[in-house]
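K.L.:
Dropping the structure in here first, questions after.
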Amino acid sequence: MREITGWSKEEIEELKKGIYSRYDSMAMIYSIVRGNSNPKLYAKYMDCEPQQLTQMARDIIDFYDDTARFPEKKYRVVLPDENILIFGRDEGYRWTFCVRSGSLSYPTMDPDETVRLTKQQIVDYNPDLMPFAVEVEND
3 MREITGWSKE
13 EIEELKKGIY
23 SRYDSMAMIY
33 SIVRGNSNPK
43 LYAKYMDCEP
53 QQLTQMARDI
63 IDFYDDTARF
73 PEKKYRVVLP
83 DENILIFGRD
93 EGYRWTFCVR
103 SGSLSYPTMD
113 PDETVRLTKQ
123 QIVDYNPDLM
133 PFAVEVEND
């Protein structure tokens with residue numbers, strides 16, 4: 003499945019609202035061109051060069067046809083105080099909650115590291131970690 007890039011969070015939200023409003027892809031494109039109900043998408047449309055308009059239309063059609071998707075949100079887990087997550091070999095190579103003690107020989111997930119997990123990966127491991135999940139920008 004193709005991954006759609008170059009869209010802001012606000013633009014994605016407006017596009018998804020069209021699905022909930024039972025728009026088909028062409029009705030959504032028409033509403034954007036009219037410019038009266040989707041201000042972020044209308045601004046994107048007005049700022050596009052001609053070749054970008056084709057890509058924007060392709061993204062909308064593919065998204066509505068379920069042949070393309072936007073990247074999943076990524077998170078890092080930031081735990082209070084000295085608590086960290088480690089990638090533990092004894093846990094079947096999964097992220098493990100532990101308390102920092104001395105030097106660790108395992109890769110750790112500290113707040114400044116680049117480890118990015120999807121919400122589903124965090125929930126699959128331990129749903130209790132979701133309150134500590136902080137959304138990060140997708141690369």
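Here the sequence shown is numbered in the numbering used here, starting from 3 and rising by one per residue. Backbone N, C-alpha and C fix where the C-beta goes; we use that ideal spot for every residue, glycine too. Computed from a predicted structure; not experimentally measured.
#1: Need the endpoints of the alpha helix (DSSP H) that Val125 sits in, please.
#2: Assess, as a yes-or-no matter, whether the region 68-83 is touched by the region 31-51 under the definition of 3 or more beta carbon pairs within less than 8 Å.
#3: Does the pairing of the region 119-130 with the region 56-68 give three or more beta-carbon distances under 8 Å?
#4: Scan the region 5-38 and note each continuous alpha helix (DSSP H) run of 4 residues or more that stays entirely inside, going in chain order.
#5: Could you tell me how far apart the beta carbons of Asn40 and Glu16 are, in whole angstroms, since I believe they sit closer than 8 Å?
#6: Could you give the distance in angstroms between the alpha-carbon of Thr56 and the alpha-carbon of Cys50?
#7: Does DSSP classify Lys76 as helix, strand or coil?
#8: DSSP three-state call for Arg60: helix, strand or coil?
#9: How would you label Val79, buried or exposed, when you count the other beta carbons within 10 angstroms and need 16 or more for buried?
#10: With a 10 Å radius around its C-beta and 16 neighbouring C-beta atoms as the bar for buried, classify Gly8 as buried or exposed.
#11: Would you call the CB atoms of Gly20 and Ser10 closer than 9 Å?
#12: By the three-class DSSP mapping on this structure, what secondary structure does Met3 have?
#13: Measuring only the C-alpha atoms, how far is Arg4 from Glu13?
P.N.:
On the basis of the data shown:
#1: 121-127
#2: no
#3: no
#4: 11-22, 27-36
#5: 5 Å
#6: 9 Å
#7: strand
#8: helix
#9: buried
#10: exposed
#11: no
#12: coil
#13: 18 Å
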